[in-house]
Amino acid sequence: MNEISSYQIYLNNKIPTKDIIRIHQLAVESSYNIYLYRDSAIADARNLPKLISFFFLSSKKKSIKLIIDGEDAKNCYKEIKQILDNHIEAQLRAEHKVYNNQSIVV
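Numbering (the working numbering), first residue to last: 16 to 121.
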């Protein structure tokens, strides 16, 4: 069953490029849709140039919304948390299970 989860993330320090690339690889090699949102900027983790720009322009003062869509979204979050373990603080904002013929608003 598909799930969609969103997390509020605060950066402790800048994310190294190698970790940004690991998030990109996770998105490309999996069936998850991973998005990052801040102010009016949104980055699809499958688009490496936008993902790198997003993190390089992110301030520690503002939070980032991490949105994960796919089968077992919690597992994807665990993988991302493991990649960014020393760089972020995060909390679950919302979690929804997606059923056929139903729509949700995030």
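Note that beta-carbon positions come from the ideal geometry of N, C-alpha and C, so glycine has one too.
Within 10 Å of its beta-carbon, does Ser73 have 16 or more other beta-carbons around it, so buried, or fewer, so exposed?
The count along the sequence shown starts at 1 and reaches residue 73 at position 58. It is buried - the Cβ of Ser73 has at least 16 other Cβ atoms within 10 Å.
How would you call Ala60, buried or exposed, if buried means at least 16 neighbouring beta carbons within 10 angstroms?
For the purposes of this step, residue 60 is taken as the residue at position 45 of the sequence shown. Buried.
If contacts are defined as beta-carbon pairs under 8 Å, then Ile36 and His102 qualify, I think. What distance do you get, rounded to the angstrom?
By 1-based counting over the sequence shown, the position of residue 36 is 21. By 1-based counting over the sequence shown, the position of residue 102 is 87. About 14 Å; that fails the 8 Å criterion.
Distance between Thr32 and Ser68 (C-alpha atoms, nearest Å)
Sequence index remark: in the sequence shown, residue 68 carries index 53 (1-based). Sequence index remark: in the sequence shown, residue 32 carries index 17 (1-based). Between Ser68 and Thr32, the C-alpha separation is close to 10 Å.
If we count the other Cβ atoms within 10 Å of its Cβ and call it buried at 16 or more, is Asp84 buried or exposed?
Sequence index remark: in the sequence shown, residue 84 carries index 69 (1-based). Its Cβ being crowded by 16 or more others within 10 Å, Asp84 is buried.
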